[in-house]
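Below is one structure, written out as C-alpha coordinates, with a few remarks after it.
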Amino acid sequence: MKSKIQSQESSASQHFVKSPSICDSLNDSYQLLRKLQANGGIKLIPHKVMQKYISYARKFSQPRLTPEVSLILQNFYIEMRKQHKLSYNSIPITTRQLESLIRMTKARARIELRAFCTTNDAEEVIEIMKYSMRDTFSDELGNIDFDRSIHGSGMSKHSQAKKLINFLTKAAATKGDNCFLISEMKDLAMQAKISMNSFSSLLDTLNDQGFLLKKGFQLYQIQTI
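Oh and the sequence shown: position 13 is 15 in the working numbering, straight run, nothing missing.
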(Lines of atoms letter the chains of each structure in order from A; the text may use other names.)
(Lines give C-alpha, C1' and ligand atoms only; values in the text may rest on other atoms or scores of the structure.)
Protein backbone atom coordinates (compact mmCIF):
# COMPACT_ATOMS: atom_id res chain seq x y z
CA MET A 3 0.00 0.00 0.00
CA LYS A 4 2.77 2.45 0.96
CA SER A 5 4.68 1.83 -2.28
CA LYS A 6 1.52 2.38 -4.28
CA ILE A 7 0.92 5.65 -2.47
CA GLN A 8 4.44 6.87 -3.21
CA SER A 9 4.24 5.87 -6.86
CA GLN A 10 0.94 7.64 -7.36
CA GLU A 11 1.65 10.74 -5.31
CA SER A 12 2.53 12.75 -8.40
CA SER A 13 -0.77 11.92 -10.10
CA ALA A 14 -3.17 12.79 -7.31
CA SER A 15 -5.74 15.31 -8.44
CA GLN A 16 -8.50 15.33 -5.85
CA HIS A 17 -9.07 18.46 -3.81
CA PHE A 18 -10.79 19.21 -0.58
CA VAL A 19 -14.31 20.57 -0.79
CA LYS A 20 -14.56 24.08 0.52
CA SER A 21 -16.20 24.24 3.93
CA PRO A 22 -19.87 25.24 3.71
CA SER A 23 -21.10 28.51 5.05
CA ILE A 24 -23.15 28.75 8.24
CA CYS A 25 -26.30 29.13 6.13
CA ASP A 26 -25.45 25.98 4.17
CA SER A 27 -24.88 24.07 7.41
CA LEU A 28 -28.20 25.26 8.82
CA ASN A 29 -29.99 24.28 5.61
CA ASP A 30 -28.40 20.82 5.73
CA SER A 31 -29.49 20.41 9.35
CA TYR A 32 -33.01 21.55 8.50
CA GLN A 33 -33.27 19.09 5.60
CA LEU A 34 -32.02 16.27 7.83
CA LEU A 35 -34.57 17.16 10.50
CA ARG A 36 -37.38 17.11 7.93
CA LYS A 37 -36.30 13.67 6.72
CA LEU A 38 -36.22 12.33 10.26
CA GLN A 39 -39.67 13.74 10.97
CA ALA A 40 -41.06 12.33 7.73
CA ASN A 41 -39.72 8.87 8.60
CA GLY A 42 -41.01 9.01 12.15
CA GLY A 43 -43.46 6.17 11.49
CA ILE A 44 -40.78 3.64 10.54
CA LYS A 45 -40.65 0.65 12.85
CA LEU A 46 -37.31 0.53 14.64
CA ILE A 47 -35.21 -2.63 14.80
CA PRO A 48 -35.33 -4.16 18.31
CA HIS A 49 -32.17 -3.69 20.35
CA LYS A 50 -31.51 -7.45 20.72
CA VAL A 51 -31.91 -8.03 16.99
CA MET A 52 -29.46 -5.21 16.27
CA GLN A 53 -26.96 -6.72 18.72
CA LYS A 54 -27.19 -10.09 16.97
CA TYR A 55 -26.80 -8.45 13.56
CA ILE A 56 -23.69 -6.57 14.65
CA SER A 57 -22.20 -9.71 16.21
CA TYR A 58 -22.88 -11.67 13.02
CA ALA A 59 -21.36 -8.94 10.85
CA ARG A 60 -18.22 -8.78 12.98
CA LYS A 61 -17.76 -12.54 12.84
CA PHE A 62 -18.64 -13.40 9.25
CA SER A 63 -18.19 -10.23 7.19
CA GLN A 64 -14.59 -9.38 6.29
CA PRO A 65 -14.82 -6.98 3.32
CA ARG A 66 -11.81 -6.44 1.07
CA LEU A 67 -10.73 -3.36 -0.85
CA THR A 68 -10.97 -3.39 -4.64
CA PRO A 69 -8.28 -1.64 -6.74
CA GLU A 70 -10.72 1.18 -7.51
CA VAL A 71 -11.49 1.74 -3.82
CA SER A 72 -7.80 1.62 -2.92
CA LEU A 73 -7.03 4.28 -5.51
CA ILE A 74 -9.73 6.61 -4.16
CA LEU A 75 -8.41 6.32 -0.61
CA GLN A 76 -4.80 6.69 -1.74
CA ASN A 77 -5.52 9.86 -3.70
CA PHE A 78 -7.35 11.44 -0.79
CA TYR A 79 -4.53 10.55 1.59
CA ILE A 80 -1.95 11.91 -0.86
CA GLU A 81 -3.87 15.18 -1.09
CA MET A 82 -3.91 15.46 2.70
CA ARG A 83 -0.14 14.91 2.71
CA LYS A 84 0.36 17.58 0.06
CA GLN A 85 -1.75 20.09 1.96
CA HIS A 86 0.16 19.27 5.14
CA LYS A 87 3.53 19.87 3.44
CA LEU A 88 2.38 23.36 2.50
CA SER A 89 1.58 24.16 6.14
CA TYR A 90 4.26 25.48 8.46
CA ASN A 91 5.02 23.51 11.64
CA SER A 92 1.80 21.51 11.53
CA ILE A 93 1.09 18.15 13.18
CA PRO A 94 2.12 15.39 10.72
CA ILE A 95 -0.32 13.50 8.53
CA THR A 96 0.84 9.90 8.89
CA THR A 97 -0.20 6.47 7.65
CA ARG A 98 -2.46 6.31 10.71
CA GLN A 99 -4.92 8.52 8.86
CA LEU A 100 -4.79 6.19 5.86
CA GLU A 101 -5.34 3.19 8.12
CA SER A 102 -8.36 4.95 9.63
CA LEU A 103 -9.81 5.53 6.16
CA ILE A 104 -9.35 1.85 5.32
CA ARG A 105 -10.94 0.68 8.59
CA MET A 106 -13.95 2.96 8.16
CA THR A 107 -14.42 1.92 4.53
CA LYS A 108 -14.41 -1.75 5.50
CA ALA A 109 -16.79 -1.01 8.38
CA ARG A 110 -19.16 0.72 5.94
CA ALA A 111 -19.20 -2.39 3.74
CA ARG A 112 -19.49 -4.68 6.75
CA ILE A 113 -22.74 -2.99 7.75
CA GLU A 114 -24.30 -4.46 4.61
CA LEU A 115 -22.47 -7.81 4.91
CA ARG A 116 -20.65 -7.30 1.61
CA ALA A 117 -17.53 -9.21 0.58
CA PHE A 118 -15.98 -6.21 -1.19
CA CYS A 119 -15.94 -2.49 -0.49
CA THR A 120 -17.46 -0.26 -3.15
CA THR A 121 -16.41 3.14 -4.42
CA ASN A 122 -19.52 4.50 -2.73
CA ASP A 123 -18.22 3.20 0.63
CA ALA A 124 -14.93 5.03 0.12
CA GLU A 125 -16.60 8.26 -1.01
CA GLU A 126 -18.94 8.27 1.99
CA VAL A 127 -16.03 7.73 4.38
CA ILE A 128 -14.07 10.55 2.72
CA GLU A 129 -17.05 12.86 3.11
CA ILE A 130 -17.19 11.95 6.81
CA MET A 131 -13.48 12.69 7.13
CA LYS A 132 -13.84 16.02 5.32
CA TYR A 133 -16.83 16.99 7.44
CA SER A 134 -14.97 16.17 10.65
CA MET A 135 -12.11 18.43 9.54
CA ARG A 136 -14.19 21.42 8.45
CA ASP A 137 -14.31 23.21 11.79
CA THR A 138 -10.87 22.23 13.03
CA PHE A 139 -8.82 22.52 9.84
CA SER A 140 -10.56 25.34 7.93
CA ASP A 141 -9.42 28.92 7.82
CA GLU A 142 -11.76 31.89 7.66
CA LEU A 143 -12.26 31.35 3.91
CA GLY A 144 -13.21 27.70 4.32
CA ASN A 145 -9.94 26.33 2.95
CA ILE A 146 -8.23 23.41 4.67
CA ASP A 147 -5.34 24.70 6.81
CA PHE A 148 -3.40 22.12 8.84
CA ASP A 149 -1.73 24.83 10.92
CA ARG A 150 -5.14 25.19 12.58
CA SER A 151 -5.32 21.51 13.47
CA ILE A 152 -5.98 22.06 17.17
CA HIS A 153 -9.46 23.59 17.05
CA GLY A 154 -8.15 26.46 14.92
CA SER A 155 -6.93 28.11 18.08
CA GLY A 156 -3.50 29.30 16.98
CA MET A 157 -0.02 28.25 17.97
CA SER A 158 -0.58 28.09 21.73
CA LYS A 159 -2.70 24.94 21.76
CA HIS A 160 -0.98 23.70 18.64
CA SER A 161 2.40 23.85 20.37
CA GLN A 162 1.04 22.20 23.51
CA ALA A 163 -0.45 19.35 21.49
CA LYS A 164 2.75 18.81 19.53
CA LYS A 165 4.81 18.89 22.71
CA LEU A 166 2.54 16.36 24.45
CA ILE A 167 2.64 14.02 21.46
CA ASN A 168 6.44 14.22 21.39
CA PHE A 169 6.68 13.42 25.11
CA LEU A 170 4.23 10.51 24.75
CA THR A 171 6.13 9.14 21.74
CA LYS A 172 9.45 9.20 23.59
CA ALA A 173 7.90 7.67 26.72
CA ALA A 174 6.30 4.89 24.66
CA ALA A 175 9.63 4.06 23.04
CA THR A 176 11.34 4.00 26.45
CA LYS A 177 8.86 1.68 28.16
CA GLY A 178 8.08 -0.40 25.07
CA ASP A 179 4.34 0.20 25.34
CA ASN A 180 2.24 2.82 23.56
CA CYS A 181 -0.69 2.74 26.02
CA PHE A 182 -0.98 5.35 28.76
CA LEU A 183 -3.31 5.97 31.67
CA ILE A 184 -4.64 9.50 32.00
CA SER A 185 -2.62 9.87 35.20
CA GLU A 186 0.57 8.98 33.29
CA MET A 187 -0.24 11.48 30.57
CA LYS A 188 -0.87 14.16 33.18
CA ASP A 189 2.58 13.52 34.64
CA LEU A 190 4.13 13.83 31.19
CA ALA A 191 2.10 16.97 30.50
CA MET A 192 3.45 18.53 33.69
CA GLN A 193 6.99 17.63 32.63
CA ALA A 194 6.27 19.34 29.30
CA LYS A 195 5.00 22.40 31.23
CA ILE A 196 1.52 22.10 29.72
CA SER A 197 -1.21 23.87 31.65
CA MET A 198 -3.51 21.47 33.51
CA ASN A 199 -6.39 23.87 32.80
CA SER A 200 -6.26 22.91 29.13
CA PHE A 201 -5.25 19.25 29.58
CA SER A 202 -8.75 17.75 29.30
CA SER A 203 -9.66 19.68 26.16
CA LEU A 204 -6.24 18.87 24.70
CA LEU A 205 -6.82 15.17 25.35
CA ASP A 206 -10.26 15.29 23.72
CA THR A 207 -8.84 17.06 20.69
CA LEU A 208 -6.02 14.56 20.19
CA ASN A 209 -8.56 11.76 20.53
CA ASP A 210 -10.91 13.40 18.00
CA GLN A 211 -8.06 13.90 15.53
CA GLY A 212 -6.90 10.27 15.78
CA PHE A 213 -3.57 10.83 17.53
CA LEU A 214 -4.86 9.10 20.67
CA LEU A 215 -7.17 6.07 20.62
CA LYS A 216 -9.31 5.32 23.67
CA LYS A 217 -8.67 1.71 24.69
CA GLY A 218 -10.53 1.47 27.99
CA PHE A 219 -11.36 3.28 31.21
CA GLN A 220 -8.86 6.15 31.49
CA LEU A 221 -6.58 4.34 29.04
CA TYR A 222 -5.37 5.68 25.68
CA GLN A 223 -3.07 4.40 22.96
CA ILE A 224 -0.81 6.79 21.07
CA GLN A 225 -1.12 6.35 17.29
CA THR A 226 2.07 8.06 16.09
CA ILE A 227 4.39 5.04 16.46
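Where a beta carbon is used, it is the ideal one built from N, C-alpha and C, also for glycine.
As the structure is a computational prediction, the values presented were derived from the model and not from experiment.
Asked	Found
Tell me the residue span of the beta strand (DSSP E) that contains F182.	C181 to L183
Quick check for students: name the residue ranges of the alpha helix (DSSP H) that lie wholly in the stretch 47-79, counting only runs of 4 or more.	49-62
In its own chain, which residues sit with a C-beta less than 8 Å from the C-beta of L208, not counting the 5 before and 5 after it?	A163, L166, I167 and L214
Taking the C-alpha atoms as reference points, what is the distance between D189 and T96?	26 Å
For the pair the stretch 54-74 and the stretch 103-122, tell me if three or more CB-CB distances fall below 8 Å.	yes
Would you report the Cα separation of R66 and A194, rounded to the nearest angstrom?	42 Å
Just tell me which of R110, I47, E126 and I104 has its CA closest to the CA of S63.	R110
Which partner residues does G218 have in the DSSP bridge list?	L221
Can you confirm whether the stretch 176-185 touches the stretch 126-134 when touching is taken to mean that 3 or more C-beta pairs between the two stretches lie within less than 8 Å?	no
Would you list the residues sitting across from F118 in a DSSP beta bridge?	R66
Need the endpoints of the alpha helix (DSSP H) that M198 sits in, please.	It is not in any alpha helix (DSSP H) - M198 carries neither H nor E in the DSSP assignment.
Between K217 and Q223, which are expected to be in contact by the criterion C-beta below 8 Å, what is the C-beta distance as a whole number of angstroms?	5 Å
Are L75 and I113 touching if we call contact CB-CB under 8 Å?	no
CA-CA distance, P48 and S161?	47 Å
Return helix, strand or coil for F169, following the three-state DSSP convention.	helix
For M82 and L100, what's the separation of their Cα atoms in angstroms?	10 Å
When burial is assigned at 16 or more other CB atoms within 10 Å of the CB, is Y58 buried or exposed?	exposed
Just to confirm the assignment, what range does the alpha helix (DSSP H) spanning Q211 have?	Premise fails: Q211 is in no alpha helix (DSSP H) and is neither H nor E.
If I measure Cβ to Cβ from D123 and keep anything under 6 Å in the same chain, skipping five residues before and after, which residues do I get?	T107, R110 and A111
Thinking just about the alpha-carbon of each residue, which of K61, N77 and I80 is nearest to the one in L115?	K61
Between M198 and M192, what straight-line distance do the alpha-carbon atoms span, to the nearest angstrom?	8 Å
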